[in-house]
Each structure stands twice: as structure tokens, then as C-alpha cells.
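So the protein lines, in turn, are chains A and B. Here the first sequence stands for residues 1 to 202, where the numbers follow our numbering. Here the second sequence stands for residues 1 to 202, where the numbers follow our numbering. Ideal Cβ positions, reconstructed from N, Cα and C, are used throughout, including at glycine. Quick caveat: nothing in here was measured; it's all calculated off a predicted structure.
There are 2 protein chains.
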Amino acid sequence: MTVRLLLADDEHLIRGALAALLSLEDDLAVVAEAATGPEALAMARAHGPDVAVLDLQMPGADGVKVATSLRTELPSCKVLIVTSHGRPGHLKRALEAGVRGFVPKTVSARRLAEIIRTVHAGNRYVDPELAADAISAGDSPLTVREAEVLELAADGAPVAEIAERAALSQGTVRNYLSSAVSKLGAENRHAAVRLARERGWV
Amino acid sequence: MTVRLLLADDEHLIRGALAALLSLEDDLAVVAEAATGPEALAMARAHGPDVAVLDLQMPGADGVKVATSLRTELPSCKVLIVTSHGRPGHLKRALEAGVRGFVPKTVSARRLAEIIRTVHAGNRYVDPELAADAISAGDSPLTVREAEVLELAADGAPVAEIAERAALSQGTVRNYLSSAVSKLGAENRHAAVRLARERGWV
DNA sequence: CTATGTGTATGACAAATGTCAGAAGGGGCC
DNA sequence: GGCCCCTTCTGACATTTGTCATACACATAG
Numbered sequence: 001m002t003v004r005l006l007l008a009d010d011e012h013l014i015r016g017a018l019a020a021l022l023s024l025e026d027d028l029a030v031v032a033e034a035a036t037g038p039e040a041l042a043m044a045r046a047h048g049p050d051v052a053v054l055d056l057q058m059p060g061a062d063g064v065k066v067a068t069s070l071r072t073e074l075p076s077c078k079v080l081i082v083t084s085h086g087r088p089g090h091l092k093r094a095l096e097a098g099v100r101g102f103v104p105k106t107v108s109a110r111r112l113a114e115i116i117r118t119v120h121a122g123n124r125y126v127d128p129e130l131a132a133d134a135i136s137a138g139d140s141p142l143t144v145r146e147a148e149v150l151e152l153a154a155d156g157a158p159v160a161e162i163a164e165r166a167a168l169s170q171g172t173v174r175n176y177l178s179s180a181v182s183k184l185g186a187e188n189r190h191a192a193v194r195l196a197r198e199r200g201w202v
Numbered sequence: 001m002t003v004r005l006l007l008a009d010d011e012h013l014i015r016g017a018l019a020a021l022l023s024l025e026d027d028l029a030v031v032a033e034a035a036t037g038p039e040a041l042a043m044a045r046a047h048g049p050d051v052a053v054l055d056l057q058m059p060g061a062d063g064v065k066v067a068t069s070l071r072t073e074l075p076s077c078k079v080l081i082v083t084s085h086g087r088p089g090h091l092k093r094a095l096e097a098g099v100r101g102f103v104p105k106t107v108s109a110r111r112l113a114e115i116i117r118t119v120h121a122g123n124r125y126v127d128p129e130l131a132a133d134a135i136s137a138g139d140s141p142l143t144v145r146e147a148e149v150l151e152l153a154a155d156g157a158p159v160a161e162i163a164e165r166a167a168l169s170q171g172t173v174r175n176y177l178s179s180a181v182s183k184l185g186a187e188n189r190h191a192a193v194r195l196a197r198e199r200g201w202v
């Protein structure tokens with residue numbers, strides 16, 4: 001009984017190479033490939049794979065967003081996320097989205113094949129190192145609103161613009177930013193954005 | 001006559017897969033692999049490959065730094081850089097370091113094999129799209145000092161800290177930042193940092 | 001030699017940001 | 001019901017940034 005795979009990664013080189021390597025395994029078959037989030041979704045609908053191996057960073061919609069959609073549309077399809085630079089918060093988001101596996105791209109292809117089988121068998125697998133990072137980084141101390149506002153501050157926009165985009169008064173925005181900054185122990189909101197990013201809290 | 005290759009990429013999955021795919025070509029042979037910059041250098045010294053295929057982002061020393069060292073230590077070894085997210089400025093830096101090829105990871109393995117042959121034959125190859133980006137982005141309008149100060153501003157440090165780290169007066173720092181911000185047409189220095197990053201000017 | 005550009009610096013002013021106190025409504029929990 | 005937290009707002013104030021004018025030394029191109 002072979003496991004039917006969907007492979008999604010925006011880097012053709014990696015996707016192709018991965019497809020070739022995984023196809024070497026007798027019990028694995030790559031039935032579809034995609035280069036973007038929406039494409040992955042379309043391919044999943046069309047082919048109904050057993051396991052979807054998704055890159056975390058893709059144009060259009062990231063792996064977690066795709067996973068969220070897949071959960072309702074194709075509940076039988078298990079999702080495995082692979083990522084280059086795994087930040088703690090991503091793992092949490094992924095798990096909440098019903099992802100069954102989460103591994104860094106530093107694993108070998110052989111190992112990945114094993115993990116695909118694990119996930120297909122209904123078990124979950126999370127890279128121990130990433131899990132440790134996520135646990136030590138802990139939960140975000142930010143409230144939903146604080147995180148949203150911080151997110152909008154990410155590209156260096158002035159308070160006026162953030163206020164408009166969040167449909168809040170400027171005063172409120174400054175309060176949220178101030179509170180986020182102090183919770184994160186940052187010097188100012190830009191450093192706060194950086195910190196929150198590192199921990200995967202935004 | 002087979003081309004002897006060194007493969008350097010910190011992601012085991014990709015490196016392994018790539019090695020497998022490139023080995024499928026009759027005239028290519030992967031003689032060494034490395035996961036970090038320094039390791040790549042050591043491997044190159046030990047095996048003297050014909051072509052070094054380096055990832056741009058690696059722990060220790062990035063692809064361009066490795067290329068710089070290789071140029072003097074092993075002039076016969078041609079360097080080909082592959083990258084996930086190619087920013088215009090990187091290409092320029094790479095070319096200045098004597099790199100013979102520069103391609104995004106979105107190319108197929110077949111195509112990469114061809115490019116390796118092109119480079120090995122003594123020609124240069126730069127991905128047309130990246131080249132166009134680099135040309136349209138043009139040269140940095142920033143003076144050396146402006147770029148340095150902007151770099152120090154990158155992690156959201158306040159002016160006082162930047163001034164200290166750059167051994168400049170706070171007023172001077174603000175002048176440089178102001179000038180950099182206006183040259184880049186940014187809203188404020190943080191947006192300026194982002195812009196300069198995108199264009200590869202810092 | 002002179003003009004120009006860069007590096008550095010001040011001082012002053014305007015604008016944006018950070019901080020704090022306080023207030024009001026709503027949801028959840030014991 | 002009472003308490004606590006989140007959301008939202010306002011106003012006031014201190015601090016930090018951003019902008020501009022001006023200045024001088026130094027290098028380099030013309």
C-alpha cells in the first residue's frame with residue numbers, strides 16, 4: 001500500500017530533488033507538486049493525497065494557512081510542514097491548525113521518509129529541537145490586539161497609519177504599543193517587533 | 001571528463017537531494033558536501049573541486065565570503081551561488097567576489113546541471129530575472145557612513161546607542177539617518193532599513 | 001587653486017513617540 | 001454580584017526623532 005504525497009515548495013530545485021528522492025522509496029509516491037499556497041490547495045483538491053508535505057514559506061499562502069484550509073476540506077489528508085528557519089511560534093500555530101508533523105529541512109531524506117510514514121500512520125511528529133525551542137520560548141504575553149497592532153508596526157509605519165489601518169484612535173495605538181514594548185522588555189516598538197518576530201509571536 | 005563538484009548548503013534535505021539529482025548526470029560527480037561556510041572552505045581545500053555550488057545563506061560564513069576566500073586559495077575552482085531569496089545587492093557583491101554564476105533555487109535540477117557545465121567551461125551565468133532586478137535597483141545612493149549608521153539602526157536601537165557604537169555624536173547620527181531616509185524616500189529610519197535591506201544595500 | 005563632496009559637529013525647532021493616569025463598557029469566572 | 005482582564009478612549013507630559021541651517025576640516029577632481 002503506497003502513500004500518495006503532495007509536495008509543495010516554491011523552490012523548484014528543492015521540490016524536484018525531493019520528489020526524486022522520495023520516489024526512490026517503494027512505499028511512497030509523489031502524485032502532485034505545487035509552488036504556491038493556492039496551487040497546493042488546488043492540487044490537494046484534485047488529487048486527494050494521503051499526506052501533504054508543505055513548505056512553511058510559500059508565496060500566496062503559507063503552509064499553516066494551507067493546512068487550515070485542508071483540515072476542513074480534506075480531513076483525511078495529513079499535513080507535514082517542513083521549514084528552513086523554524087521559529088518557535090510557528091510550531092504552535094501549526095499545531096493549532098491541525099498539522100501532524102513539523103520538521104526542519106536539516107533532516108535527511110531517509111529520515112523524512114520515515115516521518116512521512118509516521119504521520120501517515122496517524123501519529124504526530126515534531127522535531128525535538130524545535131519543540132524544545134517552542135517550550136522554552138513559552139507563550140506570547142501579548143493580547144490579541146497588542147499583537148495585531150505590533151504586526152502593523154512591523155514595516156515601520158508611523159502611528160497615524162497604524163491607527164487608520166487598525167481602525168483605532170492614535171492614542172489607543174500608542175497605548176498598545178507601549179504595553180507591548182514593556183511586556184517584551186524592548187527599547188522601543190521596532191526592537192519589540194524584532195523580538196516578537198524572533199519568538200514567532202507575530 | 002567529469003566535473004567534480006563541491007556542494008554546500010546547511011539544509012541536509014536539500015543538499016542530499018541535490019547531490020542525488022546531480023549525480024544522475026553522467027558528466028557530474030559530487031565529491032564533497034558541506035553544511036557551513038568554514039566547512040565548505042575546508043572541503044574545497046581537501047578535495048580541490050572544479051566547481052563549488054554554494055548556498056548564499058549558511059551559518060559561519062555566507063556564500064560570498066567563502067567565494068572570496070576560494071578565489072585566492074583555489075583560483076581554478078569556479079564558484080556558483082544558489083539562493084532562495086535573491087536580493088539585488090547580493091548579486092553585485094557576489095560578482096565582485098569573483099563568483100561565476102548566480103541562480104535562484106527556483107530553477108530545475110536539469111537546468112542547474114546545464115549551468116554548472118556553462119560555468120565549468122569558463123563562462124559566466126547570471127539568472128536573467130535577478131540581473132534585471134539588480135540593474136533596476138541600481139547602485140546604492142548611500143554614502144559609506146550612511147550605510148554603516150543605517151546598519152546599526154537595523155535592530156531598532158535608539159540614536160544614543162547607535163552614536164556610541166559608531167563613535168559619533170548623536171547629532172551626526174541623526175543627520176546621517178535623516179539623509180539616508182530622504183535618499184530612500186522612506187517614512188522614517190525603520191522603513192529605510194527595510195528598503196535598504198530589500199535592495200541589498202546593507 | 002577652487003569647487004565639490006564627504007565626514008563631522010552644533011544648536012534649534014517641529015513632529016512623532018513613549019509613558020502615565022484615568023475612565024467606561026463588556027466578558028468570563030468564582 | 002463582584003472581581004479581573006481586555007478593549008477602547010482621552011488628555012497631558014517627557015523624551016526621542018526628524019529636519020534644517022550652519023560650520024569647519026579634508027580630500028579629490030577639474
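Between residue 77(B) and residue 38(B), the gap from beta carbon to beta carbon reaches 7 Å or more.
Per DSSP, residue 92(A) is not a residue of any beta strand (DSSP E); the alpha helix (DSSP H) it occupies stretches across 88-96. Taking 7 Å as the CB threshold, residue 4(B) stays off the interface with chain A.
For residue 78(A), there is no enclosing alpha helix (DSSP H); the enclosing beta strand (DSSP E) has its first and last residue at 78-83. Per DSSP, reduced to three states, the secondary structure at residue 114(A) is helical. For residue 80(B), the closest C-alpha among the options 56(B), 73(B) and 149(B) is that of 56(B). When DSSP states are grouped into helix, strand and coil, residue 159(A) belongs to the helix group.
The count of Cβ pairs closer than 8 Å, one atom from the segment 108-124 of chain B and one from the segment 85-93 of chain B, stays below three, leaving the stretches out of contact. Neighbourhood of residue 107(A) in chain B, by CB distance below 8 Å: 12 and 13, in chain order.
Taking CB atoms only, residue 198(A) has no neighbour in chain B less than 7 Å away. Closer than 7 Å to the CB of residue 16(A) there is at least one CB belonging to chain B. Sequence-distant Cβ neighbours of residue 27(A) in its own chain, meaning closer than 8 Å and more than five residues away, are 1, 2, 3 and 117. Around the beta carbon of residue 177(B), 16 or more other beta carbons sit within 10 angstroms, so the residue counts as buried. One finds 187 and 191 in chain B with Cβ atoms closer than 8 Å to the Cβ of residue 157(A), taken in chain order. 7 Å or more divides the Cβ of residue 6(B) from the Cβ of residue 15(B). Fewer than three beta-carbon pairs drawn from the segment 163-182 of chain A and the segment 117-127 of chain A are found closer than 8 Å, and the two stretches are therefore not classed as touching.
A contact between stretches requires three or more CB pairs, one per stretch, nearer than 8 Å, and the segment 148-167 of chain A fails this requirement with the segment 54-71 of chain A. Nearest neighbour of residue 146(B) by Cα position, chosen from 163(B), 131(B) and 135(B), turns out to be 163(B). Among the CB atoms of chain B, one or more fall inside 7 Å of the CB of residue 194(A). In this structure, the beta-carbon distance from residue 97(A) to residue 64(A) falls below 7 Å.
Taking the Cα positions, residue 33(A) is about 19 Å away from residue 102(A).
In this structure, DSSP gives residue 34(B) an extended state, which the three-state scheme calls strand.
Between residue 40(A) and residue 54(A) a beta carbon distance of about 6 Å is seen, short of the 8 Å cut, so the two are scored as contacting. If you draw a 10 Å sphere on the C-beta of residue 190(A), you find 16 or more other C-beta atoms in it, and that means buried.
Residue 193(A) sits buried, since 16 or more C-beta atoms from the chains shown fall within 10 Å of its C-beta. CA-CA distance, residue 168(B) to residue 158(B), rounds to 13 Å. It is roughly 38 Å from the alpha-carbon of residue 186(B) to the alpha-carbon of residue 95(A). In the DSSP assignment, residue 103(B) forms a beta bridge with 82(B). Look at the segment 43-76 of chain A: it has no residue with a C-beta under 7 Å from a C-beta of chain B.
For the pair residue 86(A) and residue 86(B), the Cα-to-Cα distance works out to about 20 Å. The alpha-carbon of residue 11(A) is positioned some 10 Å away from that of residue 83(B).
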